[in-house]
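Q: Position 305 of the sequence shown, counting from 1, maps to 305 under UniProt numbering, and the rest follow consecutively.
Backbone N, C-alpha and C define an ideal beta-carbon position, used for all residues, glycine too.
These numbers come from a predicted model, not from an experiment.
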Amino acid sequence: MGQSPSAALDRESSFSHRFGFLSSSSLGSSDGFSDEILANRDFTAEIPDECLAYVFQFLGPGDRNRCSLVCKRWLCVDGWSRYRLSLDAQSEIEASLPSIFMRFDSITKLTLRCSRRSISLNDGALVAISVRCQNLTRLKLRGCREISDKGMSTFAKNSKNLRKLSCGSCTFGAKALNAVLDYCSNLEELSVKRLRGIHDGAEAIGPGTAASSLKTICLKELVNGQSFEPLVVGAKNLKALKIIHCLGDWDRVLQLIGNRNRNGKENLHLNNYNSNGNNDALMEIHLERLQVSDIGLSAISKCAKIENLYIVKTPDCSNYGLVSVAEHCKLLKKLHVDGWRTNRIGDEGLVAVAKHCPNLEELVLVGVNATHLSLGAIASNCSKLERLALCGSGTIGNTEIACIAAKCMALKKLCIKGCPISDIAIEALGSGCPSLVKIKLRKCRGVSCEAGEWLREQRGSLVINMDACEVDGGFEASVSNGGIHEVGVDYPQVVSQVVDRDASTSSNGRLALLRSKFGLFASRNFVACTFRRWSNNEDSFNGNL
Numbered sequence: 001m002g003q004s005p006s007a008a009l010d011r012e013s014s015f016s017h018r019f020g021f022l023s024s025s026s027l028g029s030s031d032g033f034s035d036e037i038l039a040n041r042d043f044t045a046e047i048p049d050e051c052l053a054y055v056f057q058f059l060g061p062g063d064r065n066r067c068s069l070v071c072k073r074w075l076c077v078d079g080w081s082r083y084r085l086s087l088d089a090q091s092e093i094e095a096s097l098p099s100i101f102m103r104f105d106s107i108t109k110l111t112l113r114c115s116r117r118s119i120s121l122n123d124g125a126l127v128a129i130s131v132r133c134q135n136l137t138r139l140k141l142r143g144c145r146e147i148s149d150k151g152m153s154t155f156a157k158n159s160k161n162l163r164k165l166s167c168g169s170c171t172f173g174a175k176a177l178n179a180v181l182d183y184c185s186n187l188e189e190l191s192v193k194r195l196r197g198i199h200d201g202a203e204a205i206g207p208g209t210a211a212s213s214l215k216t217i218c219l220k221e222l223v224n225g226q227s228f229e230p231l232v233v234g235a236k237n238l239k240a241l242k243i244i245h246c247l248g249d250w251d252r253v254l255q256l257i258g259n260r261n262r263n264g265k266e267n268l269h270l271n272n273y274n275s276n277g278n279n280d281a282l283m284e285i286h287l288e289r290l291q292v293s294d295i296g297l298s299a300i301s302k303c304a305k306i307e308n309l310y311i312v313k314t315p316d317c318s319n320y321g322l323v324s325v326a327e328h329c330k331l332l333k334k335l336h337v338d339g340w341r342t343n344r345i346g347d348e349g350l351v352a353v354a355k356h357c358p359n360l361e362e363l364v365l366v367g368v369n370a371t372h373l374s375l376g377a378i379a380s381n382c383s384k385l386e387r388l389a390l391c392g393s394g395t396i397g398n399t400e401i402a403c404i405a406a407k408c409m410a411l412k413k414l415c416i417k418g419c420p421i422s423d424i425a426i427e428a429l430g431s432g433c434p435s436l437v438k439i440k441l442r443k444c445r446g447v448s449c450e451a452g453e454w455l456r457e458q459r460g461s462l463v464i465n466m467d468a469c470e471v472d473g474g475f476e477a478s479v480s481n482g483g484i485h486e487v488g489v490d491y492p493q494v495v496s497q498v499v500d501r502d503a504s505t506s507s508n509g510r511l512a513l514l515r516s517k518f519g520l521f522a523s524r525n526f527v528a529c530t531f532r533r534w535s536n537n538e539d540s541f542n543g544n545l
């Protein structure tokens, strides 16, 4: 409108030049598109390979595999733009490795898994992978029992850019890990689980050239985890230490870590020198199912910069150790305590946490008999508390929940499981905790369906997950990497697991009626978690070309 015919023609010509594959000359006459030409036209031909690769990034592994079958170009683009690969690491795949890594030549993250019933790939295959994957930075090995110390040592020599190594249910031992730590000077994360080559009398595992780069160490289910003592103590910039279900006395290791931090602070004070070395670098400690006592907790209290602390099923730990940690680790943000119903950690330790740790954001108590004395102190002093889980405690009742409802102004997520509360507690939550967005009620016999319906009416925006109509078949909470495992809805970071037994047919019918009435549980998968850490799904490939 208001344009000369020549200007309109110039704009049309410019458009046709930039998008030639949509021009009338390529698609047919101006009166209508030619169906035959449209049927044979590849409209993606004009899309640059980089743009196509960017689109592929939004697809899952299965969709990417299907896209690679469309044409040779898509096959090629999928190959060089895929950085993660997961292989079924059976011995039969060895013959296909050259063609696999010729196609996927940009892999930086590789997972090799083999089932117990199969024979895994061997040293030769692993060495061949290391030669072809020069950009590899992350490696995960699961069930690769045919890989020996020699194969891992050669792999380490060829993979000096490796930053993360996770191995589980393998047969190599200390020599292999020492080789990795000696040759991979940029290694940042090391995770070892059920490594059969680590046994009594095994040689010590030291930090090697990775002493300055190593930031995370995770040890799980090891017979002789103490062989990692030089590694744990010698990692100068260690940020996170996770020791889970490893045999032996761990107080000594924790004492060495604590003394290292204390000596670092003393040297810093004497020399008046600001260093980025090992001074108070440790920020997360996860202790689960270990032989560790208050001596160990008192030792780690010297690591004043700890923000996340997990004390899970360590029966020798008591209020004394928790008080020591609270008094010295004042930056604490996340505290998970599973008392294993030993009744050794309670109000005394939690009151100390409330007094000295005002930055607490997440608190998980499992099998801890806390009362309104400690919970009231936490609610009053820890004004930043956003996530709270109370599980399997016989002392947490209506009074404690009413105290939380009245004082926890910042609380966003609340989980109550296996506690003797009733509808009175639900009534308190109806007007309290103004910031609350999600609540989960599990195995609380005294809470009725009517109370849940009332709470939903009172606070329409509140996401409620409750099983008031289910028959309780027993309470069991266990904590692993992420925390307390449980069947429920999504909450970040702490997760609990519940096993239901002997649920009657009538209870299932009532539960189905409740689901259909409120629409909360309809079409929902119950394999979610409380306070869960989200992680990226790895791309997978079955190795069949």
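Going by beta-carbon coordinates alone, are R289 and H328 separated by less than 9 Å?
A: no
Q: Which of the three DSSP states, helix, strand or coil, is assigned to C170?
A: Coil.
Q: Return helix, strand or coil for T251, following the three-state DSSP convention.
A: Residue identity check: residue 251 is Asp in the sequence provided, not Thr. Reduced to three states, the DSSP call for D251 is helix.
Q: Among A281, I257 and E307, which residue has its Cα nearest to the Cα of S298?
A: I257
Q: Which of the three DSSP states, helix, strand or coil, is assigned to F475?
A: Here the model assigns F475 a pLDDT of 39, short of 50, so the residue's position is not dependable and the matter cannot be decided.
Q: Tell me, which residues are paired with G446 by DSSP?
A: S422
Q: Under 8 Å by Cβ, that's how I've got L360 and S393 pegged, so tell me the actual separation to the nearest angstrom.
A: 18 Å between Cβ atoms; not a contact.
Q: Output the distance between the C-alpha atoms of V223 and F155, rounded to the nearest integer angstrom.
A: 25 Å
Q: Could you tell me which of L97, A174, T111 and M152 sits nearest to L85, measuring between CA atoms?
A: T111
Q: What residues in its chain sit with their C-beta under 6 Å from that of T399, if we drop five residues either side in the sequence?
A: H372
Q: Roughly how many angstroms separate the alpha carbons of G277 and A210, rounded to a whole number?
A: Reliability of the predicted coordinates at G277 is poor, the pLDDT of 42 falling under 50, and no value is obtained from them.
Q: I think A386 touches K417, with their Cβ atoms under 8 Å apart; what is that distance to the nearest whole Å?
A: One detail in the question is off: residue 386 reads as Glu in this sequence, not Ala. Not quite, the Cβ-Cβ distance comes to about 18 Å (not below 8 Å), so this is no contact.
Q: Helix, strand or coil for N278 per DSSP?
A: Because N278 carries a pLDDT of 42, less than 50, the predicted location of this residue cannot be relied on, and no value is offered for it.
Q: Please state whether DSSP places A512 in a helix, a strand or coil.
A: Any answer about A512 is weak, because its pLDDT of 44 lies below 50 and its placement is not dependable; what the coordinates show is given next. A512: helix per DSSP, three-state reduction.
Q: Going by the beta-carbon positions, is the gap between S166 and L139 smaller than 9 Å?
A: yes
Q: Does the beta-carbon of M152 have 16 or more other beta-carbons within 10 angstroms, so that it is buried, or is it exposed?
A: M152 is buried by the Cβ-count criterion.
Q: Give me, in chain order, the residues of the same chain whose beta-carbon lies closer than 7 Å to that of T395; leave out the 5 immediate sequence neighbours on both sides.
A: N369, A370 and T371
Q: Put I217 into one of helix, strand or coil per three-state DSSP.
A: strand
Q: Quick one: measure Cβ to Cβ for L455 and I426, integer angstroms, because I've assumed they're closer than 8 Å.
A: 5 Å
Q: Quick check on the burial criterion: 16 or more other C-beta atoms within 10 angstroms. Buried or exposed for V312?
A: buried
Q: Shortest alpha-carbon distance to F101 belongs to which of P230, A128, S324 and P48?
A: A128
Q: Pick out whichever of Q134, E94 and A125 has its Cα sitting closest to the Cα of I107.
A: Q134
Q: Between the C-alpha atoms of D249 and V292, what's the straight-line distance to the nearest angstrom?
A: Taking the straight line joining both Cα atoms gives about 6 Å.
Q: Looking at C-alpha atoms only, which residue of E450, L414, R442 and G296 is the closest neighbour of L462?
A: L414
Q: With distances taken between CB atoms, is the gap from I147 to N122 smaller than 9 Å?
A: Cβ atoms of I147 and N122: closer than 9 Å.
Q: Enumerate in chain order the residues of its own chain whose CB-to-CB distance from D42 is below 6 Å, with the five nearest sequence positions on each side excluded.
A: The answer is none, since no qualifying residue turns up.
Q: Using only CA atoms, which one of I217, I205 and G173 lies nearest to E189?
A: I217
Q: Nearest-angstrom Cα distance between G367 and S91?
A: 46 Å
Q: In angstroms, rounded to a whole number, what distance separates the CA positions of L331 and E307?
A: 6 Å
Q: Can you find the residues in the same chain that come closer than 6 Å, C-beta to C-beta, to R132, ignoring five residues on each side of it along the sequence?
A: F101
Q: Quick one: grab the DSSP three-state call for R132.
A: helix
Q: Which residue's Cα is closest to the Cα of V447: I401, S435, C408 and G432?
A: I401
Q: Where does G392 fall in DSSP's three states?
A: Per DSSP, reduced to three states, the secondary structure at G392 is coil, with no helix or strand assignment.
Q: Taking buried to mean at least 16 other C-beta atoms within 10 Å of its own C-beta, is D200 buried or exposed?
A: exposed
Q: To the nearest angstrom, how far is the alpha carbon of K443 from that of C391?
A: 9 Å
Q: In angstroms, rounded to a whole number, what distance separates the CA positions of G197 and E203?
A: 10 Å
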